[in-house]
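These protein sequences, in sequence, are chains A and B. Take 1 as the starting number for the first sequence in my numbering and just add one per residue. Take 1001 as the starting number for the second sequence in my numbering and just add one per residue.
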Amino acid sequence: EDQVTQSPEALRLQEGESSSLNCSYTVSGLRGLFWYRQDPGKGPEFLFTLYSAGEEKEKERLKATLTKKESFLHITAPKPEDSATYLCAVRPPAFPSGNTPLVFGKGTRLSVIA
Amino acid sequence: NAGVTQTPKFRVLKTGQSMTLLCAQDMNHEYMYWYRQDPGMGLRLIHYSVGEGTTAKGEVPDGYNVSRLKKQNFLLGLESAAPSQTSVYFCASSLVAEQYFGPGTRLTVT
């Protein structure tokens, strides 16, 4: 059973057309939700960490929000350089303490067309 | 700061051959991880380490071994490569919560 589900799998936007990516999770007792950006042929690049429902983080045209069951990555007026795969990950509470491995979703592939 | 580096960047192996992938980080992170990424499967954890001299199994550990003899290095070994191990391998490290990834190694097993 997937703990992290991302939708849509792929999204094609026109430049300037705002939209949102969704990350839903089934983990209870969440100890962090993470967003990453991955460009083709490269490793994931860290974007945001969210810890509690209602929290928001922003970076340039991206804003991440968190509820008790899902997170959204809002992209405002996207540009072609925002094209990438966006990955969501959660840290489950299974381990007693310390850093624990993240569980990743399969990603949303975003294409922004000029 | 180079961050997380991986060696080699590309490799082609024949079935049954062995190899070692090297991951190095210069951020003094305690935690290190090995993932594989396959189309449609996302990132899957192979093994990880919570400190020098320690290792633990992840989601897909079969066919792989790891060692963490030095804090800054984390080695991933394939003893007898199989075509199912064709993948892109990523190493990551973390200090607190966020993991930082290397550029990846693309491995093909024929």
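The beta-carbon is built from N, C-alpha and C at its ideal position, and this holds for glycine as well.
Taking all protein chains shown into account, B/Phe1090 has 16 or more neighbouring C-beta atoms within 10 Å of its C-beta and is therefore buried. Residue pairing of A/Val27 in beta bridges, as defined by DSSP: absent, with no partner found. In the DSSP annotation of this structure, the continuous segment of the beta strand (DSSP E) that includes B/Gly1077 starts and ends at 1073-1078. For A/Pro80, not one C-beta of chain B is nearer than 8 Å to its own C-beta. If you look at A/Lys57, you'll find it in the beta strand (DSSP E) that goes 56-59. Per DSSP, the beta-bridge partners of B/Asp1038 are B/Gly1042.
For B/Ser1094, the uninterrupted beta strand (DSSP E) run begins and ends at 1087-1094, by DSSP. When Cβ pairs closer than 8 Å are counted between the two stretches, the stretch 39-55 of chain A is seen to touch the stretch 63-75 of chain A, the count reaching three or more. In the structure shown, B/Ser1084 adopts helical secondary structure according to DSSP, grouped into three states. Of all residues in the stretch 38-60 of chain A, only Gly41, Lys42, Gly43, Pro44, Glu45, Phe46, Thr49 place a beta-carbon less than 8 Å from a beta-carbon of chain B. Residue state for A/Glu81 is assigned as helix, using DSSP reduced to three classes. Neighbourhood of A/Arg91 in chain B, by CB distance below 8 Å: Ala1097, in chain order.
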